[in-house]
Ligand code: NAD
Ligand code: TYD
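In my numbering, the protein residues as written are 112 to 461.
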């Protein structure tokens, strides 16, 4: 892929902001257009350091706004798209599933249509990269790993909407020859993640001496990947992935929630100069999430053998760097947890 204009959607969010920063630094010949609606999860503060880069343009818009999306494709003639914009939190999808269908399914289709309308069948040098999640595969039992050919079996409105968008991307490839790649990644963590997801939520709660609400018995398992390693994988899939292929991305790093929370508490106590065991006392087992998937774990051997990717950061190191970022960026945390966040928190955790 050597085309210069790249449209990245959802670039003001957690993963998108890391991807944009990586691309701007590593590929000064590219011009990155960041299209983002700036929902509660989008924050231009995440891109403060690069906002005046001459190879960067922010486009404030909604992927479900068909007229606007068609107009920017026409204006900027995007040959390449990396699509990350989405509603991304499972708990919110349980409260408001329609919002997830709208953004994740309809929004993706509107992007696909605009891309198809612009290029018709002239697909040479074009690519639509759809960034997806391992949650489309559903839940594993105690053993086994998600592979690229594992059947889709989504359980939450979030994962169902992502699964549906994956299917549409694939269908546009089969039906219209639209050149695409998809990657399905495990749980990410790192700087600038909105404090509704487990790790930043619990860091924020420890800082504020609030309870750490562990769902159910805490024995649910996730495979955690440092966000920078996901950005490296996205870079590789974008540049070297084979059309119409899917790549699973994961950390080879499974943790039961309760063990992860204990490690997080230990690191926080050490960094905050608190006596060991202090933060763990905040753990509170609460009502389980409905339809809670027991276990996710990725077999990332395809991207490893075909594209040479593997995680570069150990979990202990990544977690430590993540905590340091939140400790050093309390203003960021305070800004995003004011206003509507308080209403969300009350409703979710009562
Ligand atoms: P996020 O919620 O932090 O960011 C999403 C971004 O999309 C925000 O900036 C938001 O403003 C924007 N957005 C939302 N609706 C929009 C709309 N209608 N139009 C334009 N922009 C809109 O999400 P994230 O964690 O950075 O996830 C990014 C992508 O990666 C998502 O597609 C998600 O499904 C996928 N993913 C996330 C994880 C994870 O652990 N976070 C893991 C695997 C895959
Ligand atoms: P989350 O970060 O929401 O990611 P996902 O649901 O996409 O895996 O949750 C990670 C795990 O942590 C999941 O098993 C649910 C659990 N969890 C809690 O126990 N308490 C919480 O307050 C949250 C947000 C999540």
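Backbone N, C-alpha and C fix where the C-beta goes; we use that ideal spot for every residue, glycine too.
For the beta strand (DSSP E) that contains residue 142, what are its first and last residues?
142–147
Which value, in whole angstroms, describes the spacing of the CA atoms of residue 377 and residue 362?
22 Å
Once the 5 residues before and after residue 133 are set aside, which same chain residues still bring their CB inside 7 Å of it?
342, 346
At least three beta-carbon pairs within less than 8 Å, the region 240–256 to the region 305–318
no
Taking all protein chains shown into account, decide if residue 215 is buried (16 or more other Cβ within 10 angstroms of its Cβ) or exposed.
buried
Under 8 Å: do the region 180–190 and the region 249–268 share three or more Cβ pairs, one atom per stretch?
no
Excluding the 5 residues flanking residue 204 on each side, which residues of the same chain have their C-beta closer than 6 Å to its C-beta?
211, 267, 268, 269
How long is the line joining the alpha carbons of residue 333 and residue 229, rounded to whole angstroms?
40 Å
Is any heavy atom of ligand 2 found at a distance shorter than 7 Å from the C-beta of residue 477?
Lying outside 112 to 461, the shown extent of the chain, residue 477 is not represented and no answer is given.
What are the complete alpha helix (DSSP H) segments, minimum 4 residues, inside the region 345–389?
368–383
Cutting at 6 Å between CB atoms, please list the residues of its own chain near residue 301, excluding the five before and the five after it.
337, 338, 433
Going along the chain, which unbroken runs of the beta strand (DSSP E) with 3 or more residues stay wholly within the region 151–195?
167–171, 191–194
List in chain order: all unbroken alpha helix (DSSP H) runs of 4+ residues lying wholly within the region 209–290.
219–230, 268–287
Compute the distance between the beta-carbons of residue 195 and residue 121, then report whether it is under 8 Å.
yes
Determine whether the beta carbon atoms of residue 374 and residue 323 lie at a separation below 8 Å.
no
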